[in-house]
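Heads up: take any position in the sequence shown, counting from 1, add 885, and you land on the working numbering.
All residues carry an ideal CB built from backbone N, CA and C; glycine is no exception.
Note sheet for the following structure.
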Amino acid sequence: MPTPAGHDVLTGLLITTALAAAPPIGEGTHALFMRSATQARVPVLGERPGASEAWVLVEVGAANPEGAPARQTPCAVRMMGAGEQASVRLAPGFVEAMGTKQTHFDLTADEDGWSVEVDLGTDHIGYEPTHTQGAIPRRADDRAVRDHEGDGHPGGTVIIDVPIFGEMEIYIAQRARSSLHGRLARDGTLEGGIAGHELEQRTLAATHPLMRISPRMRTDPDRSVWWMVPVPADTTCATIADRACAIRGPGPGCPDGLADAQP
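Structure follows, in structure tokens:
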């Protein structure tokens, strides 16, 4: 039986060997699910919990000892937290307008296997940050404001349906930056938590006066999770949730092992 000193040497040798090899993350198509939780401070109502659930197609490139490059394409985003009587959804074309993103899965060997970190970068929705030195515009007529999804309205369009008021639209500018952290399992699946580094949103305009507010928002890492599994190469945005959930089984995004996603 190895002595404590011998165990430390063996562990060090195993980690050193792992560091010299490429991590066992599979090259090819993967399905990524993210639940990003938030807290919003709304006048009169106080703190209101919310979240967004996103499905993303990820094409992972060839791994090297430091990790693997990846290209991410958003497929669907579902907004949560509006309450039992209300619903919130993104306008048609909102998700597609976000476009693909190049990222990198940074993987580090340790005595338990591999840890993973992914910097998702900064998303600027509804405005051009080079015109504002990174600040969020406050008015719809600001020259930095952009029509995000091309629907003729300033910023990005969010649709809110409240029975007593009907369907309303708000037009937003948003800056958000987050990263993923977690573990790579031996079967090639990954999972972990989400760290929010920046989150600021400004309501530029709205179709109803009650909606012309800009709640103070912050990320809620304790309720934020993600996971990723390899899927067949011919997986599309239309099939990503069903295929991922068939592999993953019951859990976040997959109640009873069935897909729970909206375009």
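Problem - beta strand (DSSP E) runs contained entirely in the segment 914-999, provided each spans 3 or more residues - result: Fully contained in the segment 914-999 are the following beta strand (DSSP E) runs of length 3 or more, in chain order: 931-945, 952-965, 972-975, 986-995.
Problem - Between the CA atoms of Arg1023 and Gln1059 - distance to the nearest angstrom - result: Residue mapping note: residue 1059 aligns to position 174 of the sequence shown, counting from 1. Residue mapping note: residue 1023 aligns to position 138 of the sequence shown, counting from 1. Answer to the nearest angstrom: the Cα atoms are 11 angstroms apart.
Practice task
Just mark Val929 as buried or exposed, buried being the case when its beta carbon has 16 or more other beta carbons within 10 Å.
Solution key: Here residue 929 corresponds to residue number 44 of the sequence shown, with the count starting at 1. Because the pLDDT of Val929 is 47, which lies under 50, any placement of that residue in the model is unreliable, and the number read from its coordinates should be weighed accordingly. Note on Val929: under 16 other CB atoms within 10 angstroms of its CB, so exposed under the neighbour-count rule.
Exercise for the section: State the DSSP-derived secondary structure class of Arg1128, mapped to helix, strand or coil. Expected result: Here residue 1128 corresponds to residue number 243 of the sequence shown, with the count starting at 1. It is helical.
Problem - Own chain residues within Cβ distance below 7 angstroms of Asp1032, not counting five before or after - result: On the sequence shown, position 147 is the one that residue 1032 refers to. In its chain, beyond the 5 residues on either side, His1038, Pro1039 have a beta carbon closer than 7 angstroms to the beta carbon of Asp1032.
Practice task
Run the CB neighbour count on Phe1050, radius 10 Å, all protein chains shown included, and call it buried at 16 or more, exposed below.
Solution key: Position 165 of the sequence shown, counted from the first residue, corresponds to residue 1050. Exposed, since its Cβ has fewer than 16 Cβ neighbours within 10 Å.
Exercise for the section: Verify whether the separation of the beta carbon atoms of Arg974 and Ile1044 is less than 8 angstroms. Expected result: The residue given as residue 974 occupies position 89 in the sequence shown. The residue given as residue 1044 occupies position 159 in the sequence shown. Yes. Within cutoff.
Exercise for the section: On the DSSP bridge assignment, give the partners of Asp1046 in chain order. Expected result: Translated into positions along the sequence shown, residue 1046 becomes position 161. According to DSSP, which records beta bridges pairwise, Asp1046 is partnered with Ser972, Glu1052.
Exercise for the section: Kindly indicate which residue of Cys960, Asn949, Ser972, Arg933 has the alpha-carbon position closest to the one of Ala939. Expected result: Here the question's residue 939 lines up with position 54 in the sequence shown. Nearest option by C-alpha distance: Cys960.
Problem - Glu1054 versus Leu1095, Asp1026, Cys1130, Ala1080, residue with shortest Cα-Cα distance - result: Taking the sequence shown and counting its residues from 1, one reaches residue 1054 at position 169. Looking from the CA of Glu1054, the closest CA among Leu1095, Asp1026, Cys1130, Ala1080 belongs to Leu1095.
Exercise for the section: Taking all protein chains shown into account, decide if Thr985 is buried (16 or more other Cβ within 10 angstroms of its Cβ) or exposed. Expected result: For the purposes of this step, residue 985 is taken as the residue at position 100 of the sequence shown. Thr985 counts as exposed, since fewer than 16 other C-beta atoms from the protein chains shown sit within 10 angstroms of its C-beta.
Problem - Classification of Gln957 by the beta-carbon crowding that lies within 10 angstroms, buried from 16 upward - result: Within the sequence shown, numbered from 1, the residue matching residue 957 stands at position 72. Looking at its Cβ environment, which holds 16 or more other Cβ atoms inside 10 Å, Gln957 is buried.
Handout entry: Inter-stretch contact (C-beta, 8 angstroms, three-pair minimum) for the segment 1123-1132 and the segment 1085-1103
Key = Flag = no, the segment 1123-1132 and the segment 1085-1103 do not touch.
Problem - Outcome for Asp1119 when other beta-carbon atoms lying within 10 angstroms are tallied against a minimum of 16 - result: In the sequence shown, residue 1119 corresponds to position 234, counting from 1. By the neighbour-count rule (16 or more Cβ atoms within 10 Å), Asp1119 is not buried but exposed.
Exercise for the section: Count the other C-beta atoms from every protein chain shown that fall within 10 angstroms of the C-beta of Pro977, then say buried if there are 16 or more, exposed otherwise. Expected result: Counting from one through the sequence shown, the residue named residue 977 turns up at place 92. An exposed status is given to Pro977, since fewer than 16 other beta-carbon atoms sit within 10 Å of its beta-carbon.
Problem - Inter-residue spacing [alpha-carbon to alpha-carbon] between Gly1138 and Asp1004 - result: If you number the sequence shown from 1, residue 1138 lands on position 253. If you number the sequence shown from 1, residue 1004 lands on position 119. If you draw a straight line from the Cα of Gly1138 to the Cα of Asp1004, it is about 22 angstroms long.
Exercise for the section: Report the option in Asp1072, Thr1017, Phe979, Ser1000 whose CA atom is closest to the CA atom of Val962. Expected result: Here residue 962 is taken as the residue at index 77 of the sequence shown, counted from 1. The candidate whose alpha carbon is nearest that of Val962 is Phe979.
Handout entry: Inter-residue spacing [alpha-carbon to alpha-carbon] between Leu1075 and Glu1052
Key = Stepping through the sequence shown from its first residue, residue 1075 is reached at position 190. Stepping through the sequence shown from its first residue, residue 1052 is reached at position 167. Rounded to whole angstroms, the separation of the alpha carbons of Glu1052 and Leu1075 is 39 angstroms.
Exercise for the section: Going by DSSP, name the residue or residues bridged to Asp1032. Expected result: Numbered from 1 along the sequence shown, position 147 holds the residue referred to as residue 1032. DSSP lists Gly1040 as the bridge partner or partners of Asp1032.
Practice task
Tell me, to the nearest whole angstrom, how far the beta carbon of Gly998 is from that of Leu1069; I am working on the premise that it is less than 8 angstroms.
Solution key: Locating residue 998 in the sequence shown gives position 113, where the first residue counts as 1. Locating residue 1069 in the sequence shown gives position 184, where the first residue counts as 1. Yes, they are in contact, since the Cβ atoms of Gly998 and Leu1069 sit about 7 angstroms apart, within 8 angstroms.
Problem - Element boundaries [beta strand (DSSP E), containing Ala1080] - result: For the purposes of this step, residue 1080 is taken as the residue at position 195 of the sequence shown. Ala1080 -> beta strand (DSSP E) spans 1075-1091.
Practice task
Throw me the rounded Cβ distance for the Gln965 and Ser937 pair, which I believe falls under 8 angstroms.
Solution key: One-based indexing of the sequence shown puts residue 965 at position 80. One-based indexing of the sequence shown puts residue 937 at position 52. Checking the sequence shown, residue 965 turns out to be Met, not Gln. With a contact defined as Cβ atoms closer than 8 angstroms, Met965 and Ser937 qualify at about 7 angstroms.
Handout entry: Counterpart residues of Cys1139 in DSSP-defined beta bridges
Key = As a position in the sequence shown, residue 1139 is number 254, starting the count at 1. Gly1136.
Practice task
Buried or exposed for Gly1134, please, with buried defined as at least 16 other CB atoms from any protein chain shown within 10 angstroms of its CB.
Solution key: In the sequence shown, residue 1134 corresponds to position 249, counting from 1. Result: exposed.
Exercise for the section: Tell me whether Thr1015 sits in a helix, a strand or coil according to DSSP, three-state version. Expected result: Numbered from its first residue, the sequence shown carries residue 1015 at position 130. DSSP places Thr1015 in helix when its eight states are reduced to three.
Problem - Per DSSP, cross-strand counterpart(s) of Met1102 - result: To locate residue 1102, count along the sequence shown from 1; it is residue 217. Ala925, per the DSSP bridge assignment.
Problem - Short Cβ contact (8 angstroms threshold) for Thr923 with Arg1071 - result: Translated into the one-based positions of the sequence shown, residue 923 becomes position 38. Translated into the one-based positions of the sequence shown, residue 1071 becomes position 186. No, the Cβ-Cβ distance between Thr923 and Arg1071 is not below 8 angstroms.
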